[in-house]
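These notes are about the structure you will find just below.
In my numbering, the protein residues as written are 239 to 560.
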């Protein structure tokens with residue numbers, strides 16, 4: 239029997255998150271799709287679209303969508319985010335909630351499946367019940383593939399996943415006429431999900447995430463470095479990244495050094511690091527930054543200053559663990 243004390247470990251409820259689009263480096267195409275297919279239709283439906291505008295990373299042509307077109311796009315009931323781990327799926331969900339002024343409820347699906355027989359279905363129903371009570375709300379099903387695979391799978395001899403899938407389909411169908419509730423789900427393997435979930439009316443919007451390219455990795459580095467360094471700290475900005483500065487990141491000029499600073503290891507070369515981290519996810523880059531910070535603390539715990547040498551050492555360490 240499901241105990242009320244179990245729920246806090248599986249359901250994380252919070253007010254409107256503080257995460258903003260500019261807190262997410264790279265992922266420009268994903269953000270554009272989320273904004274156009276989820277945020278704009280939802281805000282328009284709530285008659286709040288006049289209060290919303292894209293951040294400075296978007297071009298002026300992207301910042302307006304004719305109202306007559308928005309009226310033709312209903313808010314989605316379900317949004318599936320899929321792709322490699324560590325590519326900011328959860329962070330994107332939080333930024334979406336902030337943009338829509340919606341509360342967030344996170345259900346850890348991996349924990350649901352480990353409960354006693356029958357509890358998983360009850361937890362799922364409780365999650366949807368709380369989402370309806372918290373409208374406007376986003377219910378985020380993290381690692382959804384851990385509870386709802388394809389029906390009749392060889393590893394589901396007792397039919398638990400089939401019953402959970404049936405419960406999820408019933409709950410998603412039940413929110414069709416509920417205002418202000420969107421189900422968002424994340425998975426690394428969309429191919430493991432049952433086809434019934436991917437039909438129109440369930441997860442209407444499906445967005446694929448990719449590992450960041452060189453320019454996006456440089457942006458992710460900058461996001462983390464701005465959090466852990468002082469405001470006057472300089473980062474070298476190579477010409478290869480000029481388009482990022484102009485179009486996307488709206489960076490402050492005084493945060494950058496110049497090419498004549500090449501011999502100063504305190505000027506961190508973002509593009510060099512980004513070029514050496516091919517195949518890294520955003521989570522990998524965060525781990526790299528943390529390792530560099532630890533290296534700096536190890537050198538001087540009282541007045542740590544992160545240098546390019548600390549990143550070189552961190553990169554060797556992180557690559558050795560991959």
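No residue lacks a Cβ here, since even glycine has one placed at the ideal position from N, Cα and C. Source: prediction; values computed, not measured.
Go to residue 366, then tell me how far its beta strand (DSSP E) extends in each direction, as first and last residue.
In the chain shown, the residue the question calls residue 366 occupies position 128. First-last for residue 366: 357–371, but that is the alpha helix (DSSP H), not the beta strand (DSSP E).
Closest to residue 426 by CA distance: which of 379, 419, 453, 456 is it?
As a working note, residue 426 is residue 188 in the chain shown. Checking every option, the nearest Cα to that of residue 426 belongs to 379.
For a quick check, are the C-beta atoms of residue 181 and residue 357 less than 8 Å apart?
This structure leaves residue 181 out entirely; the chain is present only between 239 and 560.
Alpha carbon to alpha carbon, how far is residue 310 from residue 381? Give it in angstroms, no decimals.
What you label residue 381 is simply residue 143 of the chain shown in a count that begins at 1. What you label residue 310 is simply residue 72 of the chain shown in a count that begins at 1. Residue 381 and residue 310: Cα-Cα distance of roughly 31 Å.
Report the rounded CA-to-CA distance for residue 377 versus residue 282, giving the unit in angstroms.
Taking the first residue of the chain shown as position 1, residue 377 is located at position 139. Taking the first residue of the chain shown as position 1, residue 282 is located at position 44. Near 20 Å, if we compare the C-alpha coordinates of residue 282 and residue 377.
Option in 373, 312, 265, 252 with minimal Cα separation from residue 277
Stepping through the chain shown from its first residue, residue 277 is reached at position 39. It is 312 whose Cα lies nearest to the Cα of residue 277.
Kindly list the residues whose CB is nearer than 7 Å to the CB of residue 257, restricted to its own chain and excluding five residues on each side of it in sequence; keep chain order.
In the chain shown, counting from the first residue as 1, residue 257 sits at position 19. So the list reads 329, 332, 333, 336, once near-sequence residues are dropped.
Is the region 314–325 touching the region 436–445 in the sense that three or more CB pairs, one from each, lie closer than 8 Å?
yes
Residue 376 lies in the alpha helix (DSSP H); which residues open and close that run?
Position 138 of the chain shown, counted from the first residue, corresponds to residue 376. Segment 375–380 is the beta strand (DSSP E) holding residue 376; no alpha helix (DSSP H) there.
Would a C-beta distance cut-off of 8 Å place residue 365 and residue 342 closer than the cut-off?
Counting from one through the chain shown, the residue named residue 365 turns up at place 127. Counting from one through the chain shown, the residue named residue 342 turns up at place 104. Taking 8 Å as the Cβ cut-off, residue 365 and residue 342 do not qualify as a contacting pair.
Sufficient close CB pairs (3 or more, under 8 Å) joining the region 398–417 to the region 266–274:
no
Are the CB atoms of residue 462 and residue 514 within a distance shorter than 8 Å?
By 1-based counting over the chain shown, the position of residue 514 is 276. By 1-based counting over the chain shown, the position of residue 462 is 224. Their beta carbons are not under 8 Å apart, which means residue 514 does not touch residue 462 by this criterion.
Please go through the same chain and pick out, in chain order, the residues whose beta-carbon is closer than 7 Å to the beta-carbon of residue 557, but skip the five residues on each side of it.
As a position in the chain shown, residue 557 is number 319, starting the count at 1. Closer than 7 Å at Cβ, skipping near neighbours: no residue.
Out of curiosity, what's the CA-to-CA distance linking residue 350 and residue 385?
If you number the chain shown from 1, residue 350 lands on position 112. If you number the chain shown from 1, residue 385 lands on position 147. When rounded, the distance between both Cα atoms is 7 Å.
Whole angstroms is fine: what's the gap from residue 274's alpha carbon to residue 446's?
Here residue 274 refers to the residue found at position 36 of the chain shown. Here residue 446 refers to the residue found at position 208 of the chain shown. Roughly 15 Å separates the two Cα atoms.
Looking at the unbroken beta strand (DSSP E) that takes in residue 263, where does it start and where does it end?
The residue you call residue 263 lines up with position 25 of the chain shown. Note, residue 263: premise wrong, no beta strand (DSSP E); not H, not E.
Compare the C-alpha of residue 338 against each of 375, 360, 322, 368 and name the closest.
If you number the chain shown from 1, residue 338 lands on position 100. That would be 375, whose Cα lies nearest to the Cα of residue 338.
Which runs of the alpha helix (DSSP H), 4 residues or longer, sit entirely within the region 498–534?
508–513
How would you write the range of the alpha helix (DSSP H) that residue 412 sits in, first residue to last?
In the chain shown, counting from the first residue as 1, residue 412 sits at position 174. Per DSSP, residue 412 belongs to the alpha helix (DSSP H) from 398–412.
Could you check whether the Cβ of residue 318 sits closer than 8 Å to any Cβ belonging to chain D?
Of the chains in the structure shown, none is chain D; there is only one protein chain.
Within 10 angstroms of its Cβ, does residue 455 collect 16 or more other Cβ (buried), or is it exposed?
Reading the chain shown from its first residue, position 217 is the one you call residue 455. By the neighbour-count rule (16 or more Cβ atoms within 10 Å), residue 455 is buried.
Pull up the distance between the alpha-carbon of residue 418 and that of residue 451, whole angstroms please.
Here residue 418 is taken as the residue at index 180 of the chain shown, counted from 1. Here residue 451 is taken as the residue at index 213 of the chain shown, counted from 1. Computed Cα separation, rounded: 35 Å.
Could you tell me which of 528, 464, 252 sits nearest to residue 372, measuring between CA atoms?
The residue you call residue 372 lines up with position 134 of the chain shown. Comparing Cα positions, the closest option is 252.
Where residue 461 falls: helix, strand or coil (DSSP)
Here residue 461 refers to the residue found at position 223 when the chain shown is read from its first residue. In this structure, residue 461 counts as helix in the three-state DSSP scheme.
So, residue 520 versus residue 325, is the Cβ gap smaller than 8 Å?
Counting from 1 along the chain shown, the entry for residue 520 is found at position 282. Counting from 1 along the chain shown, the entry for residue 325 is found at position 87. Cβ atoms of residue 520 and residue 325: closer than 8 Å.
Would you give the residue range spanned by the beta strand (DSSP E) that residue 419 belongs to?
Locating residue 419 in the chain shown gives position 181, counting from the first residue. Unbroken beta strand (DSSP E) run through residue 419: 419–425.
Just to check my reading of the structure: residue 368 and residue 416 have Cβ atoms closer than 8 Å, yes? What is that Cβ distance to the nearest angstrom?
Against the chain shown, residue 368 aligns to sequence position 130. Against the chain shown, residue 416 aligns to sequence position 178. Their Cβ separation, rounded to whole angstroms, is 13 Å, which puts residue 368 and residue 416 out of contact at 8 Å.
Kindly indicate which three-state DSSP category residue 316 falls into: helix, strand or coil?
In the chain shown, counting from the first residue as 1, residue 316 sits at position 78. Residue 316 falls in the strand class under three-state DSSP.
Nonlocal neighbours in the same chain, by C-beta distance under 6 Å from residue 323, ignoring five residues either side:
Here residue 323 corresponds to residue number 85 of the chain shown, with the count starting at 1. Once the five neighbours on either side are set aside, the close Cβ partners of residue 323 are 426.
By a C-beta neighbour count over all protein chains shown, 10 Å radius and 16 as the cutoff for buried, is residue 279 buried or exposed?
The residue labelled residue 279 in the question sits at position 41 within the chain shown. Under this definition residue 279 is a buried residue.
Cut-off 8 Å between Cβ atoms - residues of its own chain near residue 423, not counting five sequence neighbours on either side:
Within the chain shown, the letter at position 185 stands for residue 423. Hits under 8 Å: 316, 317, 318, 319, 378, 379, 380, 382, 441.
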